[in-house]
Ligand code: HEC
């Protein structure tokens, strides 16, 4: 009897915990204002752990499309590609990757082979740029930037433009 009671208590406790975890997951996965679609779940390039990026930061139509579909709407868009090159220079990506991302201290970004194979996908490269790596690539390229601070450094829209430029350089899909 005693055993049964404590079992019941354990089950109740577990349920409560699962319920709370669900509520948290919902809050984290809340769709962008007005949207009802599900959104991408990002993971860090360091160890694949969950990478939470507020939907609010995806504040352009194109960034929201990416958040919900994983597709980068700027691919092949010449105006966005030109802006992406400027953003790459502005945030000193050039200092380590070279003016044409051909590689310098950091590796070439031309592909089709990447150090992190997932960088062949736009979601993967987005995660690498947003949160950095263990091997010398800081969050958003510069370790001083706090990736959780919306007002600091590259926006998701900027990152997508940088990726569209990088993809225009190499033999990537
Ligand atoms: C301080 C030097 C430095 C800066 C600045 C820097 N990077 Fe890097 N980056 C590196 C290094 C080193 C690596 C390789 C990291 C590793 O192997 O873990 C890397 C890796 C990468 C990769 C992964 C490449 C692959 O083969 O998988 C991408 C994408 C990337 N950087 C993009 C950027 C962008 C975009 C910026 C600017 C916002 C930037 N980096 C700024 C040093 C830098």
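Residue numbers (our numbering): 1430 to 1602. Even for Gly, the Cβ is constructed at its ideal location relative to N, Cα and C.
> When the Cα of residue 1569 is compared with those of 1522, 1552, 1542 and 1550, which residue comes out closest?
Replying inline: As a working note, residue 1569 is residue 140 in the chain shown. Nearest option by C-alpha distance: 1522.
> Between which two residues does the alpha helix (DSSP H) harbouring residue 1593 extend?
Replying inline: Within the chain shown, residue 1593 is the residue found at index 164, counting from 1. Run containing residue 1593: 1585-1598, per the alpha helix (DSSP H) assignment.
> What three-state label does DSSP hand residue 1461 in the structure shown?
Replying inline: Taking the chain shown and counting its residues from 1, the one referred to as residue 1461 is at position 32. Only weak support exists for where residue 1461 lies, its pLDDT of 44 falling under 50; the value from the coordinates is given anyway. The answer is coil: DSSP assigns residue 1461 none of H, G, I, E or B.
>> Only counting the same chain, and skipping five residues up and downstream in sequence, which positions put a Cβ closer than 7 angstroms to that of residue 1496?
In response: Against the chain shown, residue 1496 aligns to sequence position 67. Excluding the 5 residues flanking it on each side, residue 1496 has same chain C-beta neighbours closer than 7 angstroms at 1461, 1468, 1469, 1484 and 1487, in chain order.
> How many angstroms separate the CA atom of residue 1586 from the CA atom of residue 1504?
Replying inline: For the purposes of this step, residue 1586 is identified with residue 157 of the chain shown, where counting begins at 1. For the purposes of this step, residue 1504 is identified with residue 75 of the chain shown, where counting begins at 1. Rounded to the nearest angstrom, the two C-alpha atoms are 12 angstroms apart.
>> Please determine whether the Cβ atom of residue 1503 lies at a distance below 7 angstroms from any heavy atom of ligand 1.
In response: By one-based count along the chain shown, residue 1503 stands at place 74. Flag unset: Cβ of residue 1503 not near ligand 1.
> Which partner residues does residue 1546 have in the DSSP bridge list?
Replying inline: Within the chain shown, numbered from 1, the residue matching residue 1546 stands at position 117. Answer by DSSP bridge pairing: none, since residue 1546 is not bridged.
> From this set, 1516, 1592, 1524 and 1562, which residue's C-alpha is nearest residue 1552's C-alpha?
Replying inline: Here the question's residue 1552 lines up with position 123 in the chain shown. Relative to residue 1552, the option among 1516, 1592, 1524 and 1562 whose CA is nearest is 1592.
> Got a sec? Which residues, its chain only, sit under 8 angstroms from residue 1545 by beta carbon, not counting five neighbours each side?
Replying inline: Along the chain shown, read from residue 1 onward, the residue named residue 1545 stands at position 116. These residues qualify, in order along the chain: 1474, 1553, 1557 and 1562.
>> I want to check one thing, is the minimum distance from the CB of residue 1560 to the heavy atoms of ligand 1 below 7 angstroms?
In response: Taking the first residue of the chain shown as position 1, residue 1560 is located at position 131. Answer for residue 1560: no, Cβ out of range of ligand 1.
> Can we count residue 1548 as close to ligand 1, meaning its CB is less than 7 angstroms from some heavy atom?
Replying inline: Looking up residue 1548 in the chain shown gives position 119. The answer is yes for residue 1548.
> Just to confirm, does residue 1520 get its C-beta within under 7 angstroms of one of the non-hydrogen atoms of ligand 1?
Replying inline: In the chain shown, residue 1520 corresponds to position 91, counting from 1. Within the cutoff, so yes.
>> Is the beta carbon of residue 1538 closer than 8 angstroms to that of residue 1595?
In response: If you number the chain shown from 1, residue 1595 lands on position 166. If you number the chain shown from 1, residue 1538 lands on position 109. The answer is yes: Cβ separation under 8 angstroms.
>> For residue 1529 and residue 1481, what's the separation of their Cα atoms in angstroms?
In response: Taking the first residue of the chain shown as position 1, residue 1529 is located at position 100. Taking the first residue of the chain shown as position 1, residue 1481 is located at position 52. Each residue's Cα considered, the two are about 30 angstroms apart.
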